[in-house]
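Visitor: I'd like to ask you about the structure that follows.
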Amino acid sequence: MGAAGTDPYRMVPALMEGALERITAARSKMERRQLGQANRLLGAAVSIVNELRQGLDPRAPLDVNQYELYGYLTRQLTNANLHTRVEFLDEVSHLLQEMRVAWFLLPPRPRAQRAPAAVIR
113 MGAAGTDPYR MVPALMEGAL ERITAARSKM ERRQLGQANR LLGAAVSIVN ELRQGLDPRA
173 PLDVNQYELY GYLTRQLTNA NLHTRVEFLD EVSHLLQEMR VAWFLLPPRP RAQRAPAAVI
233 R
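Its first residue numbered 113, the sequence shown is counted upward by one per residue in this note's numbering.
So this is what it looks like as structure tokens:
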């Protein structure tokens, strides 16, 4: 399902929640040394974060910091996966939770302009 018929007000935090769920599950798998499963979950989380990032314009003044932050989150998820570092997952989870809260504090108009292009399942 594409984003055209989807309410960005609901879609963006839902995507963030989806990423958070996968990160939490991956953390649990890492702790249990089930690294193949952690890898798949983190790959899905990276895809979701990249989808959120693609919905931004890196040249737009309101989007620049958020665009860069999503890039940082992607790098941290990749580093966590490569080095089996749950503390990186904790950092990404914390930042995504903060971003999710901040999303609801944005006025409706700027929020509507920040919708990702498509929904990842």
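Using N, Cα and C, we set each Cβ at its ideal position, and we do this for glycine too.
Can you name, in chain order, every residue of its own chain whose Cβ lies under 7 Å from the Cβ of E143, other than the five neighbours on each side?
Guide: Result list for E143: V198, in chain order.
Visitor: Considering D119, what are the terminal residues of the alpha helix (DSSP H) in which it resides?
Guide: Careful: D119 lies outside any alpha helix (DSSP H) and carries neither H nor E.
Visitor: Can you give me the Cβ contacts of F216 inside the same chain, cut-off strictly under 6 Å, excluding the 5 residues immediately before and after it?
Guide: Answer for F216: no residue qualifies.
Visitor: List the whole-angstrom C-beta distance separating L189 from V161, where the pair is believed to meet the contact cut-off of C-beta under 8 Å.
Guide: That pair is a contact at about 7 Å.
Visitor: In this structure, how does DSSP classify Q178 when only helix, strand and coil are distinguished?
Guide: Helix.
Visitor: For A138, which residues in the same chain have their Cβ closer than 6 Å to its Cβ, ignoring the five residues on either side in sequence?
Guide: If we look at A138 and ignore the five residues flanking it on each side, its Cβ neighbours are A150, L153 and L154.
Visitor: Specify the secondary structure class of R144 as computed by DSSP and reduced to three states.
Guide: Reduced to three states, the DSSP call for R144 is coil.
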